[in-house]
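For the record, in the sequence shown the residue sitting at position 67 is 66 according to numbering that gives the first Met the number 0, with numbers rising by one throughout.
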Amino acid sequence: MTETAAPAGRPLWWGLLLVIGGWAALGFPMFWALLVMYIGFTGCLLECAAPDPASGFFGLTALLIMIAAPVLAGIALVRRSRAWWIATACLLALILVPLAYGTVIGSF
Numbered sequence: 000m001t002e003t004a005a006p007a008g009r010p011l012w013w014g015l016l017l018v019i020g021g022w023a024a025l026g027f028p029m030f031w032a033l034l035v036m037y038i039g040f041t042g043c044l045l046e047c048a049a050p051d052p053a054s055g056f057f058g059l060t061a062l063l064i065m066i067a068a069p070v071l072a073g074i075a076l077v078r079r080s081r082a083w084w085i086a087t088a089c090l091l092a093l094i095l096v097p098l099a100y101g102t103v104i105g106s107f
């Protein structure tokens, strides 16, 4: 019986570069997600209003996804596994679909 060898992994530093580059590219959107989270949960920025936990939770979710997506992409790059790329794509869809919907209906 012949066994197929697993594909060779890529160097670890490729994954690290992808993670650092992804975080650098997402730095500005991460700041906005953090700001939305803060305003949503506290209700205050320049003047205080009623807190909106839904927008705070959306900002928190967006921030966590933007932190996790480059890490998952780096793991997928190093391990050469399709499952990790699918997980990364699902994470990105979780944030892009609501943003696209909000843009289409004109709430952004």
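Cβ atoms here follow ideal geometry from the backbone N, Cα and C, with glycine treated the same way.
Model, not experiment: these values are computed from the prediction.
Under a 10 Å Cβ-count criterion, PRO10 is classified as exposed, with fewer than 16 other Cβ atoms of the shown protein chains found around its own Cβ.
Per the C-alpha coordinates, the member of LEU59, GLY8 and GLY101 positioned closest to THR41 is LEU59.
Per the C-alpha coordinates, the member of VAL96, VAL103 and GLY8 positioned closest to PHE57 is VAL96. Around the beta carbon of ALA32, 16 or more other beta carbons sit within 10 angstroms, so the residue counts as buried.
Ranked by Cα distance from GLY14, the options VAL103, PRO69, THR102 and CYS89 are led by PRO69.
Looking from the CA of LEU93, the closest CA among ARG79, PRO50, ALA75 and ALA67 belongs to ALA67. Taking THR87 as reference, the option from LEU71, ALA49 and GLY101 with the minimal CA-CA separation is LEU71.
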